[in-house]
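Chemist:
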Amino acid sequence: MKAKRHRTRVRAALATAACWTLLTGTAVAATDTIVPTLTAPTICTNAAVCQTDNADVYYYMDSSGEYELEGWDRDMVLTMWQNEYSPTDLVRHYDDTPVFSGEGETDHIWQEGSTGLDSDAVGMAWCNDPVGTTYECDQHYIRIRGNDEYDLNVTCHEMGHAVGLVHGYMAYPKRSTTDQAALGCMVSAGYEPDLGTNNINGINSTY
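Position one of the sequence shown corresponds to residue 1 (the numbering used here), numbered consecutively onward.
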């Protein structure tokens, strides 16, 4: 069972980037791309983008049944973690005995499949267990289509949602949903396998 590492929610209480700099001496990213932003201050629900509840991220890649990941899919998840998220303060732990309910649920469940996806969607990430009235989720599911759709671009994007990263229209200030410089792999079209400095800074200021 994973050990929870809780964090003080200073960032969520600050009204502006100027306040953050004044109180902590640390400037936030030029564009705030992680919930809660001033554009999207809503608490976590099953339908919302949410933070994960740990800097220590325990994850499981479905290994049997309808949503089993093939070898290629697994390689993409591992390569994406190493290439894009290793510069962040997130620490990955593979959970070979995943927990799906109760205390200490496995943070991220990776699946291959199309059930529940819109016809034009390559993948989705959603919260399965919001943590009270906070911005955190105890367990996210990440589901991506098969047929070579599991690639570095899409895994980076959906992983981003599972740690609280948003699209441009939810960022602060709002950005074009194709603004690569601000959003990195969180652009909503023409994905690139690049988390980007702005998102890395946002993750590290949160976790």
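Where is the CB? At the ideal position from N, CA and C, for every residue including glycine.
I'd like the list of long-range same chain contacts for TYR169, defined as Cβ closer than 7 Å, with 5 residues on each side in sequence excluded.
Modeler: Only THR177 meet the Cβ criterion.
Chemist: Per DSSP, what kind of secondary structure is LEU22 in: helix, strand or coil?
Modeler: For LEU22, the predicted model reports a pLDDT of 45, less than 50, meaning its position is unreliable and no value from the coordinates is stated.
Chemist: Where DSSP assigns a beta bridge to HIS93, which residues make up the other side?
Modeler: In DSSP, HIS93 forms a bridge with TYR58.
Chemist: List the endpoints of the continuous beta strand (DSSP E) containing GLY123.
Modeler: 123-127 is the extent of the beta strand (DSSP E) around GLY123.
Chemist: Closest to ASN147 by CA distance: which of VAL163, ASP73, GLY102 is it?
Modeler: The shortest C-alpha separation from ASN147 is found at ASP73.
Chemist: Among residues of its own chain, excluding the 5 on either side of LEU117, which ones have a beta-carbon nearer than 8 Å to its beta-carbon?
Modeler: Cβ neighbours of LEU117 beyond the five flanking positions: GLY123, MET124, ARG143, ARG145.
Chemist: Is GLU210 helix, strand or coil when you go by DSSP?
Modeler: Beyond the ends of the chain as shown, which are 1 and 207, falls residue 210; an answer cannot be given.
Chemist: Could you check where the alpha helix (DSSP H) with HIS157 kicks off and where it finishes?
Modeler: Here the alpha helix (DSSP H) through HIS157 covers 152-161.
Chemist: Specify the secondary structure class of ASP75 as computed by DSSP and reduced to three states.
Modeler: Correct three-state label for ASP75: helix.
Chemist: Which class does THR197 belong to by DSSP, given the choice of helix, strand or coil?
Modeler: Looking at THR197 - three-state DSSP - the assignment turns out to be helix.
Chemist: With a threshold of 8 Å on Cβ separation, who are the neighbours of ASP89 within its own chain once the five nearest residues in sequence on each side are excluded?
Modeler: The residues are ALA55, ILE203, ASN204, TYR207.
Chemist: By the three-class DSSP mapping on this structure, what secondary structure does TYR172 have?
Modeler: Strand at TYR172.
Chemist: Do you know how far the Cα of GLU66 is from the Cα of TYR135?
Modeler: Taking the straight line from one Cα to the other gives about 30 Å.
Chemist: Look up TRP85 in the DSSP assignment and say whether it is helix, strand or coil.
Modeler: Inspection of the sequence shows that residue 85 is occupied by Tyr rather than by Trp. Helix.
Chemist: Taking 7 Å as the limit between beta carbons, can you name the residues of its chain near ARG92, skipping five residues before and five after?
Modeler: Excluding sequence neighbours, ARG92 sits near VAL57, TYR59, TRP81.
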